[in-house]
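Chains as they are written, first to last, in this note's numbering: chain A, 1 to 185; chain B, 186 to 388; chain C, 389 to 552. Idealized CB from N, CA, C, for every residue including glycine.
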Amino acid sequence: MGIHKVEPSDAELVRRVRAGDTGAYGALVSRYRNRLGRYAVHMIGDREDAEEALQDSFVRAYRSLARCDDPSRFGAWLYGILVNRCRTTGARAARRRRMFVRDAQALDGAAHADRADRLDWTDAVDRALARLAPDYREAFLLKHVEDLEYEEIAELTGAGVSALKMRVKRAREQLQKYLREAEHV
Amino acid sequence: MILAALLLVTQVAVQDPRLDRLDPDTRSAVAAVVDSARVARLPIEPIIQRALEGATKGAPSTRIVAAVRKLAVDLGTARTALGTSAAEAELEAAVAALRAGATPEVIAHLRDTRRPPLTMALSVLADLVASGVPADSAAAAVLALAPKARDADLVEFRRAVERDIALGAPPGAATSVRLNAGALDIPPGPSSNPGTPTRRSRP
Amino acid sequence: MFEREDETVERVIQHLRRPVAIDPGLDARVMREVAQVPREGRRGRPLWPLLAAAAVVATVLVARPWNRTAASNADTLQFVLVAPQAASVALVGDFNDWDPARSPMQTAHGAGIWATVIRLAPGRYRYAFLVNGVEWRADPNAPAARDDEFGTPSSVITVGGRGS
Chain A
1 MGIHKVEPSD
11 AELVRRVRAG
21 DTGAYGALVS
31 RYRNRLGRYA
41 VHMIGDREDA
51 EEALQDSFVR
61 AYRSLARCDD
71 PSRFGAWLYG
81 ILVNRCRTTG
91 ARAARRRRMF
101 VRDAQALDGA
111 AHADRADRLD
121 WTDAVDRALA
131 RLAPDYREAF
141 LLKHVEDLEY
151 EEIAELTGAG
161 VSALKMRVKR
171 AREQLQKYLR
181 EAEHV
Chain B
186 MILAALLLVT
196 QVAVQDPRLD
206 RLDPDTRSAV
216 AAVVDSARVA
226 RLPIEPIIQR
236 ALEGATKGAP
246 STRIVAAVRK
256 LAVDLGTART
266 ALGTSAAEAE
276 LEAAVAALRA
286 GATPEVIAHL
296 RDTRRPPLTM
306 ALSVLADLVA
316 SGVPADSAAA
326 AVLALAPKAR
336 DADLVEFRRA
346 VERDIALGAP
356 PGAATSVRLN
366 AGALDIPPGP
376 SSNPGTPTRR
386 SRP
Chain C
389 MFEREDETVE
399 RVIQHLRRPV
409 AIDPGLDARV
419 MREVAQVPRE
429 GRRGRPLWPL
439 LAAAAVVATV
449 LVARPWNRTA
459 ASNADTLQFV
469 LVAPQAASVA
479 LVGDFNDWDP
489 ARSPMQTAHG
499 AGIWATVIRL
509 APGRYRYAFL
519 VNGVEWRADP
529 NAPAARDDEF
539 GTPSSVITVG
549 GRGS
């Protein structure tokens, strides 16, 4: 009872799953659910779609667990599955998001005397993020929110390191620009 | 230009969406405390967590507001004692230590004798008091250990004291026995090291 | 007068890095789907590896973050409560916005030992267990949180940083 500093490693859990202990996979899901979920939510911009993509990715990873070459890097491998899965969902959610952004821009044009008081910065961030091109948003999130190295992102996305650096740079510039616009209403 | 500056200032007073869990009156009172803390450059996350704790526990509005106000004040006191470079975790631990009865002087003394982060040392002090050790004994023990003990040693010290108390030792005595028994393997320091336990014969 | 660009972007990053609450029911949905997947040699009853580990007193492998960057000096900690009569137990505290939905605890069938594992960055956290959604319990084996301003018991866990 109490608190123990305990952790079966990813490699150990993968080993157990491969040996037939399906329940061990639950520990991996639990371990990665929130962190991967964070990426999916910010990338896709829609909570339900994100959770669906996340659930789907976990199941896909389980099905193809035999193809995880380095179980100690299970997380990175799982990440790659999720990044790819978010790209396909992105197309569906993009339609919904464009509608949202249009509404937001319509609001911006209206005269609201108390808008300055109701300025919700977190909403502005979400809108700005949604306005980024998908590959800019992907690179920005993987680099700055998920803390991956450029080499790792290159592995996951198939893009070159210098192209990725450019995307991140553009993403930063555009976010700054969109947030400035949101202030000057 | 001025309008933009005003908008920027207004933007600072943005509400954390987690506070939506509070009813409107409580929310605005808590938001006011959060804003003051922000202006005073105190950490706001502990204040928000305290409000959320109250919300989850269904506490009355007056209690939630009183709790966050008190916390903001205590964080200020902690910051005065620890200095402006103190990390958020250190400030929170210092608040616990102050509430346990440590004086600001004790906190400042700890700051002067131990390399940061002080989080664990302050926490252990507070936790010892929570186990029943008198505040001055707990402070003396932690200050004695502070210069040389690692965080893990301090945790082990606290556990050892708690075990002794659980076995029936009076808390103050348990603390000095553990300290004097050299229960910890602290390497001897150069020249005068107030942290080295001294052996004393006990009646 | 205006923030420098990198300050704005840094604020955005700090905001986006905050934990996102994913519906904990997702775990069960995944495991239900996983159970349908035909696997050769898969045995019947799933174990709960964390509970087995809890029975082991010695500390097992230290958590190593998979992404290899310096950002994670977090510790992974397991919280355990013995509550044989409970139908549900949630871990609630400063690390999950005191939201009972965030860290529900799991138990093997009939064992009454509830556990969950979370990562904590260095800091001091107040927490408690919420049993059956209504009863607050402190952790019997952790230091008590002295300031129970809300009239219910809480406990404290302190995670050391550098030097621990």
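- Within its own chain, the residues whose Cβ lies closer than 7 Å to the Cβ of V250 of chain B, once the five positions on either side in sequence are excluded, are T211, A214 and V215, listed in chain order.
- Rounded to whole angstroms, the gap between the alpha carbons of Q55 of chain A and R85 of chain A is 10 Å.
- By a beta-carbon distance limit of 8 Å, V544 of chain C contacts A533 of chain C. Their separation comes to about 5 Å.
- For A462 of chain C, the CB contacts under 7 Å within the same chain, skipping 5 residues up- and downstream, are R507, L508 and A509 in chain order.
- Taking 7 Å as the threshold, the shortest C-beta distance from S270 of chain B to chain C does not fall below it.
- Shown here for D487 of chain C: same chain residues with a beta carbon closer than 8 Å to its own, the five before and five after excluded, namely A409 and V480 in chain order.
- Using a C-beta cut-off of 8 Å, the segment 24-34 of chain A makes contact with the segment 412-425 of chain C, since at least three inter-stretch Cβ pairs fall below that distance.
- The three-state reading of DSSP puts A478 of chain C in strand, counting E and B together.
- In the structure shown, T495 of chain C falls within a strand segment according to DSSP collapsed to helix, strand and coil.
- For the C-beta of E537 of chain C, the chain B residues within less than 7 Å are, from N- to C-terminus, R248 and A252.
- Excluding residues up to 5 positions away in sequence, S322 and A326 lie with their Cβ nearer than 8 Å to the Cβ of S361 of chain B in the same chain.
- As for any alpha helix (DSSP H) of minimum length 4 sitting wholly inside the segment 316-351 of chain B, the runs are 320-330 and 336-351, ordered along the chain.
- Using a Cβ-Cβ cut-off of 8 Å, D487 of chain C is close to nothing in chain A; its nearest Cβ partner there is about 12 Å away.
- At least one CB of chain C lies nearer than 7 Å to the CB of E277 of chain B.
- With contacts defined by Cβ atoms closer than 7 Å, I81 of chain A and R60 of chain A form a contacting pair.
- DSSP places T396 of chain C in the uninterrupted alpha helix (DSSP H) bounded by E393 to L404.
- DSSP, read as helix, strand or coil, puts L267 of chain B in helix.
- Within the segment 243-310 of chain B, the complete alpha helix (DSSP H) segments at least 4 residues long are 246-267, 273-285 and 289-298, listed from N- to C-terminus.
- When C-beta distances to chain A are compared with 7 Å, the residues of the segment 395-421 of chain C below that value are T396, V397, V400, I401, H403, L404, R405, P407, V408, I410, D411, L414, D415, R417, V418, M419 and E421, in chain order.
- Residue range S543 to V547 is occupied by the beta strand (DSSP E) that includes T546 of chain C, with no alpha helix (DSSP H) assigned at that position.
- Counting only the Cα atoms, R223 of chain B lies some 12 Å from L260 of chain B.
- Interface annotation for the segment 463-480 of chain C against chain B: V480, criterion Cβ-Cβ distance under 8 Å.
- Under a 10 Å Cβ-count criterion, H42 of chain A is classified as buried, with 16 or more other Cβ atoms of the shown protein chains found around its own Cβ.
- Proximity of the segment 148-159 of chain A to the segment 118-128 of chain A falls short of the contact definition, fewer than three beta-carbon pairs being nearer than 8 Å.
- Not a single C-beta of chain C is nearer than 7 Å to the C-beta of N84 of chain A.
- Listed in chain order, the positions of the segment 523-537 of chain C with a beta carbon within less than 8 Å of a beta carbon of chain B are W524, P531, A532, A533, R534, D535 and E537.
- Assigned with DSSP and collapsed to three states, E523 of chain C falls in strand.
- For F467 of chain C, the enclosing beta strand (DSSP E) begins and ends at D463 to V470.
- DSSP lists C:D463 as the bridge partner or partners of L508 of chain C.
- Contact between R167 of chain A and D135 of chain A holds: their C-beta atoms lie close to 6 Å from each other, under 8 Å.
- V422 of chain C sits away from Y39 of chain A, with the two beta carbons spaced by 7 Å or more.
- In terms of CA proximity to E523 of chain C, B:T241 leads the group B:T241, B:D205 and B:V219.
- Excluding residues up to 5 positions away in sequence, D208, D210 and T211 lie with their Cβ nearer than 7 Å to the Cβ of S246 of chain B in the same chain.
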